[in-house]
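>
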Amino acid sequence: MTRGPLAEVCHAAGWQVSELNLSGVLDKAGFMARCVRALDLPEWFGRNWDALADVLGDPDWGPATPGRLLVVSGWRPYARARPAEWETAQEILEAASGHYQQFDATLSVVLVLGGSDQLPPELPG
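First residue of the sequence shown: 16, per my numbering; consecutive thereafter.
(1) To which residues of the same chain is Ala-27 closer than 8 Å at the C-beta, ignoring the five residues directly before and after it?
(2) Just the Cα atoms here: how many angstroms apart are Leu-85 and Gly-19?
(3) By the DSSP assignment, the beta strand (DSSP E) with Arg-83 in it spans what residues?
(4) Measure the CB-CB distance between Trp-101 and Ala-110 and report whether it falls below 8 Å.
(5) Quick check: the Cα distance between Trp-90 and Arg-52, rounded to an integer number of angstroms?
(6) Rounded to whole angstroms, what is the Cα-Cα separation between Leu-37 and Leu-126?
(7) Determine the burial state of Trp-30: buried for a count of at least 16 other Cβ atoms within 10 Å of its Cβ, exposed for fewer.
(8) Measure the CB-CB distance between Arg-83 and Lys-43 and report whether it falls below 8 Å.
(9) Mark Glu-34 as exposed unless 16 or more other C-beta atoms lie within 10 angstroms of its C-beta, in which case mark it buried.
(10) Verify whether the separation of the beta carbon atoms of Leu-122 and Tyr-115 is less than 8 Å.
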């Protein structure tokens with residue numbers, strides 16, 4: 016699980032906090048393998064875009080009330096290497112985020128920009 020103020024606040028509020036670390040991932044197969052591990056996906060997960068959309072939309076997988084924070088880190092190299100795949104991944108995550116409102120739960124996805132889940136250093140002035 017990621018460490019940082021946002022993750023700590025969400026965890027303290029009873030949210031599930033998961034990190035999808037994509038460092039070193041440069042293709043769809045690597046992305047899907049990381050999803051399996053980080054998101055504890057079921058055995059039947061088919062490791063393709065449709066299967067990812069299905070499982071992320073499944074209430075049995077979904078966030079418990081009040082919600083789940085999914086922190087996606089190390090994503091920039093994958094986004095540069097496979098922009099069309101990254102766009103598809105973002106669309107699936109976005110759709111899943113909106114899906115859980117009907118279940119009184121929330122799935123929030125945060126893309127880490129560098130070390131942005133850490134408090135910034137004190138700056139003079």
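Even for Gly, the Cβ is constructed at its ideal location relative to N, Cα and C.
On the basis of the supplied data:
(1) Contacts found: none.
(2) So the two alpha carbons sit approximately 13 Å from each other.
(3) 82 to 88
(4) In this structure, Ala-110 does not lie closer than 8 Å to Trp-101 by Cβ.
(5) 16 Å
(6) Distance from the CA of Leu-37 to the CA of Leu-126, rounded to the nearest whole angstrom, comes to 11 Å.
(7) Buried: at least 16 other Cβ atoms inside 10 Å.
(8) no
(9) buried
(10) yes
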